[in-house]
Amino acid sequence: MQIKSFDEYQKTYQYSVDYPEQFWEGIANNFQWRKKWNKVLSWNFSEPNIKWFEGAKLNITENCLDRHLAENGDKPAIIWEPNDPQKESITLSYKILHEQVCRFGNVLKKNGVKKGDRVCIYMPMVPELAVAVLACARIGAIHSVVFGGFSAKSIADRINDAECKVVITADGAFRGNKQIQLKEVIDDALIGCPTVEKVIVLTHTRMAVSMLKGRDVWWEDEIKLVDTNCPAEEMDAEDLLFILYTSGSTGKPKGVVHTIGGYMVYAGYTFSNVFNYQPDEVFFCTADIGWITGHSYIVYGPLSQGATTLMFEGIPTYPDASRMWQVVEKHKVNILYTAPTAIRSLMSFGEEPLKGIDLSTLRVLGSVGEPINEEAWHWFDENIGKSKCPIVDTWWQTETGGIMISPIAYVTPTKPSFATLPLPGIQPILVDEQGREIEGNGVNGNLCIKFPWPGMLRTTYGDHERCKLTYFSTYKDLYFTGDGCLRDEDGYYRITGRVDDVINVSGHRIGTAEVENAINMHAGVVESAVVGYPHDVKGQGIYAFVINPNVHNDEDLTRKDILQTVTRVIGAIAKPDKILFVSGLPKTRSGKIMRRILRKIAEGETSQIGDTSTLLDPTVVTEIIEKSGQLK
Ligand code: WT7
1 MQIKSFDEYQ
11 KTYQYSVDYP
21 EQFWEGIANN
31 FQWRKKWNKV
41 LSWNFSEPNI
51 KWFEGAKLNI
61 TENCLDRHLA
71 ENGDKPAIIW
81 EPNDPQKESI
91 TLSYKILHEQ
101 VCRFGNVLKK
111 NGVKKGDRVC
121 IYMPMVPELA
131 VAVLACARIG
141 AIHSVVFGGF
151 SAKSIADRIN
161 DAECKVVITA
171 DGAFRGNKQI
181 QLKEVIDDAL
191 IGCPTVEKVI
201 VLTHTRMAVS
211 MLKGRDVWWE
221 DEIKLVDTNC
231 PAEEMDAEDL
241 LFILYTSGST
251 GKPKGVVHTI
261 GGYMVYAGYT
271 FSNVFNYQPD
281 EVFFCTADIG
291 WITGHSYIVY
301 GPLSQGATTL
311 MFEGIPTYPD
321 ASRMWQVVEK
331 HKVNILYTAP
341 TAIRSLMSFG
351 EEPLKGIDLS
361 TLRVLGSVGE
371 PINEEAWHWF
381 DENIGKSKCP
391 IVDTWWQTET
401 GGIMISPIAY
411 VTPTKPSFAT
421 LPLPGIQPIL
431 VDEQGREIEG
441 NGVNGNLCIK
451 FPWPGMLRTT
461 YGDHERCKLT
471 YFSTYKDLYF
481 TGDGCLRDED
491 GYYRITGRVD
501 DVINVSGHRI
511 GTAEVENAIN
521 MHAGVVESAV
531 VGYPHDVKGQ
541 GIYAFVINPN
551 VHNDEDLTRK
561 DILQTVTRVI
571 GAIAKPDKIL
581 FVSGLPKTRS
591 GKIMRRILRK
601 IAEGETSQIG
611 DTSTLLDPTV
621 VTEIIEKSGQ
631 LK
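In structure tokens, the structure reads:
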């Protein structure tokens, strides 16, 4: 499956466009199927209706576990590095991981989970999280992993949307020098979740938790009561594998749905190629499994290829800013896949934390989640890769299932801050506001994809219309990514950022409407408007303009109250970086907030506000500009 030269890439790419079905069939043949497909692809983008490998039967865990046992049973599948460097790391061989997944699959069955049931997973970054995910897949249950930073309300919304039957969690999580309650948050969430029958609780921090009789059971007790024989459920290629919620321009997160066959092929193919993974190498993706990056490039991609994947519980700056590099040295990491925000944050500590650390095992570096600025790209290249490791700047989305536009390591010539070229099978197109194709090079436009790929989303859970509206209606017969994009003179792609009302904070997507709704829940708040602004470390920060007539002299306290409200409603990740109290917002005569103006103010470019004559009351702008200058 691995492409070896740029010439081969170009030929493969052309073939994949001319004969997409033959191309993907060839790739799919590298995986293990109980029964092969009757039809490679049927599709239309108008409904949309997309089916890959129809009629095929498989279980993804046979591809991720069973098929490696005979030859690589003792090879490390997962290496786990704990938050606390004094604690021992853990290695699970493929044999052991297989056994644990089977055992936990039986625990799920024992607790009433059946094929097609939804299971919510809210766990710290421990090996059991991967075990839980794979155990769901083993028995044909659909997992919905919720990132450990979301609030009880966010979890409840997600659980109810998917009507989850079981929740898997832990007592708590370690994060740097903090201990975070997980079970307590789940307890709060479940007050409003009638579909949940059982909660399986892993012991991790061993902080005190309440255990409700009849509902809550301990992971450690349950696994003692089952055996290790858990035959993999036979699944259709188009059966659901997982739901993952993501923010958009409207207030309510969408449950992006991925199906088994296509997702597996796509995650496996892109992992193997983009990172040029070689047998026995250690692959370290620093994401959390609560995001798509973790699903595809900690769990499914690497394991489907028999790779060794490193899971890190902690954060790059704990106990100090050398931690991530120490992890690389300790586990002899060959491929490091991280986010621009992490690079920028570590870069700010200078080269001191790198002193005496051996990074010579590194062979490939990867970046994901947001545009990587040139300064960070060069720092990463020179100080971490010692100018000898290709950097793969991988552009993709929760909806795409896997990497879409990216260099292939040791194949594609790179260019700082460019995601470079589409992978085989991916047909990007740039369009103008009217949806007309912008042809040629040296052009800017809205990024769309015009042909299906196996890893693409199939629907948004419980609301197909929403999927159609969000992704397939802006431009006829195209998948719209929501990103703006430049195609330079060489035909290389550079993603310029979201063109919708989504803010990318540290590589995490946050909808402005969602944050506004949360702020507006605060008792004193009349109205608010949220925009993104450039932030040195996070890429974008959240700037909130808030009308709160009762704020008087207690601005700082009110600010804290609002932050607390947002934390309660969404989670700490959505907390605004700046809150400005104003008496009015710039609105058109039809009552629409002019975000363009607020964005300029948030960016500090107050001299470039432009025309305000269409505003209902242009004087509000003067007030906002004046106040914004006083805000730290
Ligand atoms: C959005 C998707 C799947 C990766 C994790 C984020 C932005 C992602 C890049 C990149 C520039 C990027 C886009 C995209 N993005 N990767 N290499 N260069 N921008 O997944 O939460 O679904 O967010 O992240 O704006 O639309 P996500």
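Take the sequence shown: its letters are residues 1 to 632, numbered as in full-length UniProt numbering. Ideal Cβ positions, reconstructed from N, Cα and C, are used throughout, including at glycine. Please read all numbers here as calculations on a predicted model, not as lab measurements.
In angstroms, rounded to a whole number, what distance separates the CA positions of residue i and residue j?
i, j, result
"residue 76", "residue 98", "12 Å"
"residue 247", "residue 253", "5 Å"
"residue 6", "residue 387", "20 Å"
"residue 524", "residue 551", "8 Å"
"residue 521", "residue 514", "11 Å"
"residue 245", "residue 291", "9 Å"
"residue 510", "residue 250", "10 Å"
"residue 457", "residue 214", "37 Å"
"residue 9", "residue 424", "8 Å"
"residue 228", "residue 105", "9 Å"
"residue 58", "residue 526", "53 Å"
"residue 19", "residue 102", "39 Å"
"residue 56", "residue 122", "31 Å"
"residue 353", "residue 315", "15 Å"
"residue 96", "residue 332", "22 Å"
"residue 404", "residue 335", "19 Å"
"residue 559", "residue 66", "53 Å"
"residue 633", "residue 262", "Not covered by the structure: residue 633. The range shown for the chain is 1 to 632."
"residue 276", "residue 461", "34 Å"
"residue 179", "residue 189", "19 Å"
"residue 16", "residue 269", "13 Å"
"residue 573", "residue 183", "19 Å"
Between which residues of its own chain and residue i is the CB-CB distance below 8 Å, once the five residues before and five after are set aside?
i, result
"residue 340", "367, 369, 370, 371, 372, 373, 376, 507 and 539"
"residue 600", "606, 608, 609 and 610"
"residue 112", "165, 166, 197 and 198"
"residue 203", "170, 171, 218, 219 and 220"
"residue 417", "371, 372, 373, 374, 377, 393 and 494"
"residue 478", "45, 429, 431, 435, 448, 449, 450 and 472"
"residue 596", "610"
"residue 427", "17, 449, 450 and 451"
Whose CA, out of the options, lies closest to the CA of residue i?
i, options, result
"residue 288", "299, 278, 280 and 279", "299"
"residue 624", "46, 80, 231 and 586", "586"
"residue 85", "478, 37, 175 and 78", "175"
"residue 496", "406, 505 and 484", "484"
"residue 271", "293, 141, 232 and 181", "293"
"residue 156", "602, 568, 529 and 63", "568"
"residue 434", "257, 409, 260 and 446", "446"
"residue 556", "159, 615, 632 and 27", "632"
"residue 347", "364, 360, 329 and 324", "324"
"residue 61", "134, 277 and 467", "134"
"residue 264", "566, 52 and 437", "52"
"residue 3", "466, 274 and 138", "274"
"residue 159", "144, 149, 148 and 173", "144"
"residue 239", "226, 67, 54 and 64", "54"
"residue 593", "614, 575, 573 and 581", "614"
"residue 319", "87, 310, 182 and 11", "87"
"residue 195", "237, 117, 137 and 231", "117"
"residue 571", "308, 328, 120 and 154", "154"
Counting only the same chain and skipping the five closest in sequence on each side, list residues whose C-beta sits under 6 Å from that of residue i.
i, result
"residue 343", "376 and 380"
"residue 100", "131"
"residue 407", "392, 414 and 420"
"residue 501", "249 and 512"
"residue 222", "107"
Below 7 Å CB to CB, which residues in the same chain sit around residue i once its five sequence neighbours on both sides are set aside?
i, result
"residue 93", "73, 74, 75, 76 and 77"
"residue 49", "43"
"residue 383", "351 and 354"
*Contained beta strand (DSSP E) runs [length at least 3] in the region 248-324, N- to C-terminal order*: 254-259, 282-285 and 308-312
_Closer than 8 Å is the cut-off here; do at least three beta carbon pairs connect the region 428-447 with the region 484-492?_
yes
*Say whether the region 118-134 touches the region 540-548, bearing in mind that this needs 3 or more beta-carbon pairs closer than 8 Å, one atom from each stretch.*
Three or more beta-carbon pairs separated by less than 8 Å are not found between the region 118-134 and the region 540-548, which leaves the two stretches without contact.
*asked:* Going residue by residue through the region 71-157, where are the continuous beta strand (DSSP E) segments of at least 3 residues, counting only ones entirely within it?
replied: 76-81, 90-93, 118-122 and 142-145
*Note down, one range per segment and in chain order, each alpha helix (DSSP H) of at least 4 residues found wholly within the region 379-415.*
List check, alpha helix (DSSP H) in window: nothing returned.
_Segment contact flag, the region 453-472 with the region 38-58, C-beta cutoff 8 Å, min 3 pairs_ = Taking a cut-off of 8 Å for Cβ pairs, the region 453-472 and the region 38-58 touch, as three or more such pairs fall below it.
_Does the contact criterion of 3 or more C-beta pairs under 8 Å hold for the region 612-627 versus the region 579-593?_
yes
*Curious, which full-length alpha helix (DSSP H) runs of at least 4 residues does the region 490-531 contain?*
Taken in chain order, the complete alpha helix (DSSP H) segments of 4 or more residues contained in the region 490-531 are 512-520.
*Give, in chain order, every unbroken run of the beta strand (DSSP E) that is at least 3 residues long and sits entirely within the region 144-219.*
As far as the region 144-219 is concerned, its whole beta strand (DSSP E) runs of at least 3 residues are 166-170, 172-175, 178-181, 198-202 and 216-218.
*Considering only residues of the region 547-592, which uninterrupted beta strand (DSSP E) runs meet the minimum length of 3 residues and lie entirely inside it, listed in chain order?*
Within the region 547-592, the runs of beta strand (DSSP E) that reach at least 3 residues and sit entirely inside it are, in chain order, 578-582.
*Length-filtered (3 minimum) beta strand (DSSP E) runs lying within the region 9-78*: Runs found: 39-44 and 49-54.
*Return the chain-ordered ranges of every alpha helix (DSSP H) run that is complete within the region 592-626 and spans a minimum of 4 residues.*
595-602
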